[in-house]
Amino acid sequence: MYFKTDEKSNHLTFKRFSSLFTLVVLGLLLASCSSDDEVEPEDEPDVVFNLTAEGREFYIEGDDEENPDLVVTEGDLVQVNLQVTGGTHDWVVDEFDAATEQIGEGHRNTIEFVAGQSGVFEYYCSVGSHREDGMYGNLIVE
Ligand SMILES: [Cu+2]
694 MYFKTDEKSN HLTFKRFSSL FTLVVLGLLL ASCSSDDEVE PEDEPDVVFN
744 LTAEGREFYI EGDDEENPDL VVTEGDLVQV NLQVTGGTHD WVVDEFDAAT
794 EQIGEGHRNT IEFVAGQSGV FEYYCSVGSH REDGMYGNLI VE
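Numbering (this note's numbering), first residue to last: 694 to 835.
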């Protein structure tokens, strides 16, 4: 008789403890989810350019036009994914403080910036004399 009661109360205590434990775990999960949101408030880009750099040219992936015009709309969040398939390059637009890292063959680097002003702006590669050698094109913000 005594044992039974004790067992019962132990069981109840365990039940309470386990539901409390579940609440704590849930709370922690929720807290980690919301803090993730704070760390990465990244918006979806409005425009994505997948660019390849090789020699003294940029190309849009899947197209062979050299240093093509890149056209966006004023206010767009622009994402540039640069992939280097030969040499070392970067992709820079001074007016928007947009610059990838200088990366070597086989590497990729992604940046995002807001095209907050309309006009025609030069994008270029800032490595060595690449810009003078013709490694530039137009970012057209309409
Ligand atoms: Cu370059």
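Cβ coordinates follow ideal geometry from the N, Cα and C atoms, glycine included.
Judged by their CB atoms, residue 830 and residue 775 are not nearer to each other than the 8 Å cut-off. Here residue 815 has 829 as same chain residues with Cβ atoms under 6 Å from its own Cβ, once five neighbours each way along the sequence are excluded.
For residue 825, the secondary structure class from DSSP, reduced to helix, strand or coil, is coil.
In terms of Cβ geometry, residue 810 and residue 835 do not form a close pair [threshold 8 Å]. CA-CA distance, residue 752 to residue 804, rounds to 17 Å.
For residue 769, the closest of 798, 759, 749, 742 by C-alpha to C-alpha distance is 742. Under DSSP, residue 808 forms no beta bridge with any residue. Judged by DSSP secondary structure, residue 765 falls within the beta strand (DSSP E) whose first and last residues are 763-765.
Taken through DSSP and simplified to helix, strand or coil, residue 788 comes out as helix. The continuous beta strand (DSSP E) containing residue 745 extends over residues 740-747.
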